[in-house]
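Visitor: Protein sequence lines, in the order shown, are assigned to chains A and B. Under our numbering, the first residue of the first sequence is numbered 908, with each subsequent residue one higher. Under our numbering, the first residue of the second sequence is numbered 39, with each subsequent residue one higher.
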Amino acid sequence: MKHLLKRMEDRLFSATDTVCLDRARLVTEAYARYADEPVPILRARVFEHVLRNMRLDLLSNPVFAGNTSSVPRAWMLIPEFGFDEDAQVALEHSELKGFLDGKIPPDIRVFWRDRQFGGHGGIGHMSLDLDLVVNRGLDSIVASLEKRRDDLPPENRVFREAMAVSCRAVIEWAHRYAQAAEEAASQTDDPDVAVCLRRMAAACRHVPAQPARNLFEGLQAMALVHMAGVIEGQGMSMSIGLPDRALARFRSEVEDNPEQSVNLIRAFLLRIASNSFLGRGSKTQAITIGGAAPEGDACSAVTLAFLDAFDKTPVSDPHLFLRCHEGLEPAVWERGLSMLSAGRSMPLLVNDHQVVPGLLAAGVTAPDAWDYCIVGCNELGIPGRCCQSANSIGMGFNDLNVIDALVRGLPDEACNTEYVLDAYERRVHDLAEAGLTARRARLAQYAAERPFPFCSALCPACAESGQDLLRGMRYPDLYGFYIRGTANAVNVLVVIEHLVTRGHHRVGDLLAGVQARDPKILETIAEAPKWGDDNDEADRLAVALNVCRDRALREVAGKAGLPPFAVCHVVRSLHHLDGRRLGPTLDGREGGAPVGDSIGPVMGTQSNGPTAMLNSVLKLDAAQWFTGIYNLNLTLPAGAQAHPTVIRGLAEAFFHGGGQELQVNVLDANTLRKARVHPERYQGLVVRVAGLNARFVELSAEEQDELIRRAEMASGLTGRVA
Amino acid sequence: MSTSTTLTIHAVQRFCVQDGPGIRTVVFLQGCPLRCWWCHNPAMQPESPGGTPRRVETLVREVERDARYWVHSGGGVTLSGGEPLLQADGGASFLAALKAHGYHCCVETAGFGPAASISLLDVFTSLWLFDLKTVNGEAFHRACGGDLKPVLSNLRTLLHRRAASVWVRIPLIRGYNDDSESLDGIAGFLADLPTPARIQLLPGHGIGVAGSVDPTVEASVCRKAETMLRRADNPVEVCW
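(1) Exposed or buried, what is A/C1294 when buried is set at 16 or more other beta-carbons lying within 10 Å of its beta-carbon?
(2) Span of the beta strand (DSSP E) holding B/L210?
(3) Report all residues from its chain with a CB closer than 6 Å to the CB of A/A1212; omit the five preceding and five following residues, and keep chain order.
(4) Please confirm if B/V274 has its CB atom under 9 Å from at least one CB of chain A.
(5) Mind checking which residues open and close the beta strand (DSSP E) that includes A/C878?
(6) Under the three-state reduction of DSSP, which class applies to B/C77: helix, strand or coil?
(7) Does the beta carbon of A/D1612 come closer than 9 Å to any beta carbon on chain B?
(8) Who pairs with A/Y1389 in a beta bridge, going by DSSP?
(9) Which residue's Cα is closest to the Cα of A/A957: A/I1194, A/D964, A/F1018, A/E1139?
(10) Considering only residues of the same chain and omitting the five flanking positions on each side of A/E1444, which have a CB-CB separation below 6 Å?
(11) Is B/Q238 helix, strand or coil when you go by DSSP?
(12) For chain A, check one thing: does any of its Cβ atoms lie closer than 9 Å to the Cβ of B/V109?
(13) For the segment 1070-1088 of chain A against the segment 1355-1368 of chain A, are there 3 or more C-beta pairs whose distance is under 8 Å?
(14) Listing by chain order, which chain B residues have their CB less than 7 Å from the CB of A/E1559?
(15) Could you tell me which whole alpha helix (DSSP H) segments of length 4 or greater appear in the segment 1427-1482 of chain A?
(16) Per DSSP, what kind of secondary structure is B/I280 in: helix, strand or coil?
(17) Which residue wins for smallest C-alpha separation from B/V55, given the options A/T1552, A/N1577, A/Q1570, A/I1048?
(18) Determine, using beta carbons only, whether B/I237 comes closer than 9 Å to chain A.
(19) Tell me the rounded alpha-carbon separation between A/D1612 and B/E102.
(20) I believe A/E1619 touches A/A1549 by the beta-carbon criterion, under 8 Å. Please report the beta-carbon distance rounded to the nearest angstrom.
(21) Does any residue of chain A have a CB that is nearer than 9 Å to the CB of B/V55?
(22) Flag B/G113 as yes if its beta-carbon sits less than 9 Å from any beta-carbon of chain A, otherwise no.
(23) Run through chain B and tell me which residues come within less than 7 Å of A/A1547, C-beta to C-beta.
(24) With a cut-off of 8 Å on the beta carbons, I'd call A/C1280 and A/G1598 a contact; round off their distance for me.
(25) On a CA-only basis, which of B/V274, B/P241, B/R268 is nearest B/H78? Give me that one, please.
(26) May I ask you to report which of helix, strand or coil DSSP gives A/R1627?
(27) List, in chain order, every chain B residue whose beta-carbon is nearer than 9 Å to that of A/T1518.
(28) How many angstroms separate the CA atom of B/H139 from the CA atom of B/D127?
(29) Please say whether A/I1015 and A/F1184 have beta carbons closer to each other than 9 Å?
(30) Grab me the residues of A/P857's own chain with a C-beta within less than 7 Å of its C-beta, minus the 5 sequence neighbours each way, in chain order.
(31) Quick check on DSSP: helix, strand or coil for A/L919?
(32) Determine, for A/R1627, whether the minimum Cβ-Cβ distance to residues of chain B falls below 9 Å.
(33) At least one CB of chain B closer than 9 Å to the CB of A/N1515: is that the case?
(34) According to DSSP, is B/S40 part of a helix, a strand, or is it coil?
(35) So the candidates are B/A81, B/Y141, B/A134; which of them puts its Cα closest to the Cα of B/G113?
(36) Within the 9 Å Cβ cut-off, does A/D1446 reach chain B?
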């Protein structure tokens, strides 16, 4: 199995980006063929047509079925959402900029020109109820969908019919794999591959239709259904939910065969990593393990096996989150710490004791709140029960953008923090109202024109009521609100207080100095306190900013009869894109330079070390102000400062004190520099960038530079305060 | 109980991981009576200038900001320098306040000071990090400018009193104590005393050193030193 895993890994990571037109062609054909059907049936028939006719790829991963394109990294296209470039992928992998130019055949382009919908990757940011798939199977869902429901309005009955068509299509797709795997097994010269293919064939005859009978079948069912969701059109940030819970029934099998189980999970991770939407570009398919359930710690041997599998497989997407809580199984915690200490950049850590209260306050029931998972970069979701809190139709804004525009519009005599914060609150209010109106219109458009019958069938409340996931999920009103640039915005407020109000500098002079990179002005600004350094003055302004935003957003949500918005500070690589659109700012930031990469300090502005950074962030009430989560990067230098006991101390103290999320990156600048020169020697080096994990050697020079700088700064991390 | 309520400090460093167990906050005091040529912190040697007098209560409040990390990592506060024995009164007040809250307190010393200072600080000290450079009085005087007798006497006292709360730290300096004779001397001295909790070899390096001579030792020398000291049946670790 090991040599097979290595071969699969090499095949996946050495593949170059190409385009696979299977899905695009089949969708285009089917849209024409079923044009007269009601939209949900049309969508289901299109999905069915794709699954019946797309090419199956058994070569690149003979262990698990479930490919999205014919060869690894051949882009699967979703023309019904468009061919727009993903700006973040283009930034993270500069060679993919303009990748699709000239690669879309004219007939396909022409067909979709009049059917413009916008976007390129569906709604995403959700996890289907894979527990249901593994433990009950799709047949049971189809059976309940086929029951007569005369109590429902006709359009909902139609939607249920579309769901049943979609589920049957996935079962049939599995049978196609079974057939193909049997044929391939009889033709291969490699006895190991033949064994794998026969096992795949047997499993695909059984799952995902029926409940899984063992770990392998459970993983196979999850892989098929997850990939089917992607193929249906949820390109971005489809996540796996809580696989260790869904597979907990097989814990004794894992205990009895730990090595074999880990190898199966490794092959499963490689299968998920082969999702070819956007080729090598990140899809941020999060996997969440660990955490507490109402009855106690939810870890099992399956949890540990997932950690081991991630440790041994250099995948960056899927990325792994470990839910932490005070009763977390010590063996799981220790394994996670040793992985972080060794520089694996996973698991990413999230604190149940901050996330769950936030969800409860937003009206989520306790059993559901304890069942949360990460979706996408690091947003929150609940498998099959909510996708509103984080999805591609996000509302939100960049704090720095808002504050900068306000400050530039003010006369100097009015430029004080009290006035700016007051204006900020009013502006947030207006932006949120406008955002909400736009979002609701877009949601309605999605549900009417681009419903997802298959994914909806895997959301029990939707299946029950015959509604699309955007309308019928158990928590349809948890609206996410995306925030970025907060750290820079706070630093602007500090400059106003220190240099404008007290120091009698003029805003215009300071901004002109920043623009001209005047060393004297930059030094004056640099000397002002900074957010994220445990400075009470700066941190007080951070708290004030968050209070203002929270008040404004609660008012808007309340007026609309909604629960509080799920505010999240999530970055991925948007800090670069935000920065490019912004001129020089009062915090000393050069025009075009990135904004802060997490809720923590702006890179290069911190002098008191990681404990000071964590202390600052602990002054933010995460459960109140970030019910949708924040991301926090902590980079440590390899060596004594990244010893497992040190990481344990930092993480436990932070979480115990009210911290919510922590992304620990252990980096060594020299290693990163070497990796740049000899990428072939560092194929396994996976790093956490801002909101995504990536294989370092595949990142753009811009992102590599950022990580090298971060590593260099981390090597002088000990904080001096007096 | 001491009455001094101030300490003259050079700096406070947070998130230190090599000055005792766990995550620690290190208070570097200003002033040291020795002048070791390999000193990494020569700016802390003079008693003035360079120091800032700080009230003990203020300093306690300041360092306590990181108390949560001490608690969760098995760390605490380390009083270093400079030489803590020079400010034993203020140091004792400071450590007493921290000890009262249950925090782990280390004192990092070169041991050159009155026995009374050791006793005063010892009441509030959870762990001593005791620097032993040589057991040759003449060599000590030549390199550091002090008398070795009180150093050895203080170390003997502490090891007899509570060896389990002492880490002996040996800076390994090229051309000074990295020869067999020097290391044999140290091993012999320790062999006659209760075994300390830990013996740490600190290979010299050039960072921060004011003089032109590089104290950096080769890895092979460290391994030899480690073997020689281990022969005396002591728990030895090399802190790179």
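Even for Gly, the Cβ is constructed at its ideal location relative to N, Cα and C.
Guide: Result, derived from the coordinates:
(1) Sequence index remark: in the first sequence, residue 1294 of chain A carries index 387 (1-based). Label assigned to A/C1294: buried.
(2) The residue you call residue 210 of chain B lines up with position 172 of the second sequence. Note, B/L210: beta strand (DSSP E), 204-210.
(3) Indexing the first sequence from 1 puts residue 1212 of chain A at position 305. Around A/A1212: V1161, S1168, V1169, I1172.
(4) In the second sequence, residue 274 of chain B corresponds to position 236, counting from 1. Not an interface residue.
(5) Summary: the structure shown does not reach residue 878 of chain A, with chain A confined to residues 908 through 1629, and so no result is reported for it.
(6) Against the second sequence, residue 77 of chain B aligns to sequence position 39. Of the three classes helix, strand and coil, the one that applies to B/C77 here is coil, per DSSP.
(7) Here residue 1612 of chain A refers to the residue found at position 705 of the first sequence. With its beta carbon at least 9 Å from every one in chain B, A/D1612 lies outside the interface.
(8) The count along the first sequence starts at 1 and reaches residue 1389 of chain A at position 482. Note: A/Y1389 sits in a beta bridge opposite A/G1303, A/C1475.
(9) The residue labelled residue 957 of chain A in the question sits at position 50 within the first sequence. Note on identity: in this sequence residue 957 of chain A is Val, with Ala being the wrong assignment. Nearest of A/I1194, A/D964, A/F1018, A/E1139 to A/V957, Cα basis: A/E1139.
(10) Residue mapping note: residue 1444 of chain A aligns to position 537 of the first sequence, counting from 1. The beta carbon of A/E1444 sits closer than 6 Å to the beta carbons of P1436 from its chain, once the five residues preceding and following it are set aside; these are given in chain order.
(11) Working through the second sequence from its first residue, we reach residue 238 of chain B at position 200. B/Q238: strand per DSSP, three-state reduction.
(12) Taking the first residue of the second sequence as 1, we reach residue 109 of chain B at position 71. Using a Cβ-Cβ cut-off of 9 Å, B/V109 counts as an interface residue toward chain A, since at least one Cβ of chain A sits closer than that to its own.
(13) Yes, they touch.
(14) In the first sequence, the residue the question calls residue 1559 of chain A occupies position 652. Those within 7 Å of A/E1559 in chain B are H110.
(15) The DSSP assignment places 1443-1466 as complete runs of the alpha helix (DSSP H) inside the segment 1427-1482 of chain A, in order along the chain (cut-off: 4 residues).
(16) With chain B represented from 39 up to 278, any question about residue 280 of chain B goes unanswered, as that position is not in the structure.
(17) Position 17 of the second sequence, counted from the first residue, corresponds to residue 55 of chain B. Nearest of A/T1552, A/N1577, A/Q1570, A/I1048 to B/V55, Cα basis: A/T1552.
(18) Counting from one through the second sequence, the residue named residue 237 of chain B turns up at place 199. Chain A contact via Cβ: absent.
(19) By one-based count along the first sequence, residue 1612 of chain A stands at place 705. By one-based count along the second sequence, residue 102 of chain B stands at place 64. Roughly 36 Å between the two C-alpha positions.
(20) Looking up residue 1619 of chain A in the first sequence gives position 712. Looking up residue 1549 of chain A in the first sequence gives position 642. Contact flag wrong, Cβ pair sits at about 15 Å.
(21) Counting from 1 along the second sequence, the entry for residue 55 of chain B is found at position 17. Taking Cβ atoms only, chain A reaches closer than 9 Å to B/V55, which makes this a yes.
(22) The residue you call residue 113 of chain B lines up with position 75 of the second sequence. Judged by the 9 Å Cβ criterion, B/G113 is in contact with chain A.
(23) For the purposes of this step, residue 1547 of chain A is taken as residue 640 along the first sequence, with counting starting at 1. V55, Q56, listed in chain order.
(24) In the first sequence, the residue the question calls residue 1280 of chain A occupies position 373. In the first sequence, the residue the question calls residue 1598 of chain A occupies position 691. Between A/C1280 and A/G1598 a beta carbon distance of about 16 Å is seen, past the 8 Å cut, so the two are scored as non-contacting.
(25) In the second sequence, the residue the question calls residue 78 of chain B occupies position 40. For B/H78, the nearest C-alpha among the options comes from B/P241.
(26) Taking the first sequence and counting its residues from 1, the one referred to as residue 1627 of chain A is at position 720. With a pLDDT of only 47 at A/R1627, under the threshold of 50, the placement of this residue in the model should not be trusted; the figure read from the coordinates follows. Residue state for A/R1627 is assigned as strand, using DSSP reduced to three classes.
(27) If you number the first sequence from 1, residue 1518 of chain A lands on position 611. What A/T1518 touches in chain B: R52, F53, I61, T63, R103, D104, R106, Y107.
(28) One-based indexing of the second sequence puts residue 139 of chain B at position 101. One-based indexing of the second sequence puts residue 127 of chain B at position 89. Computed Cα separation, rounded: 19 Å.
(29) If you number the first sequence from 1, residue 1184 of chain A lands on position 277. If you number the first sequence from 1, residue 1015 of chain A lands on position 108. Their beta carbons are not under 9 Å apart, which means A/F1184 does not touch A/I1015 by this criterion.
(30) No answer is possible for residue 857 of chain A: the residues shown for chain A start at 908 and end at 1629.
(31) Here residue 919 of chain A is taken as the residue at index 12 of the first sequence, counted from 1. Note: A/L919 maps to helix in three-state DSSP.
(32) The residue labelled residue 1627 of chain A in the question sits at position 720 within the first sequence. Caution is warranted here: a pLDDT of 47 is assigned to A/R1627, below 50, making its placement in the model unreliable, and the coordinate value is therefore given only provisionally. Cβ-Cβ to chain B under 9 Å: yes for A/R1627.
(33) As a first step, residue 1515 of chain A must be located in the first sequence, where it is residue number 608. It does; some Cβ of chain B falls within 9 Å.
(34) For the purposes of this step, residue 40 of chain B is identified with residue 2 of the second sequence, where counting begins at 1. Only weak support exists for where B/S40 lies, its pLDDT of 46 falling under 50; the coordinates are left without a value.
(35) By 1-based counting over the second sequence, the position of residue 113 of chain B is 75. That would be B/Y141, whose Cα lies nearest to the Cα of B/G113.
(36) For this step, residue 1446 of chain A is matched to residue 539 along the first sequence. Chain B, which has no Cβ nearer than 9 Å to the Cβ of A/D1446, makes this no.
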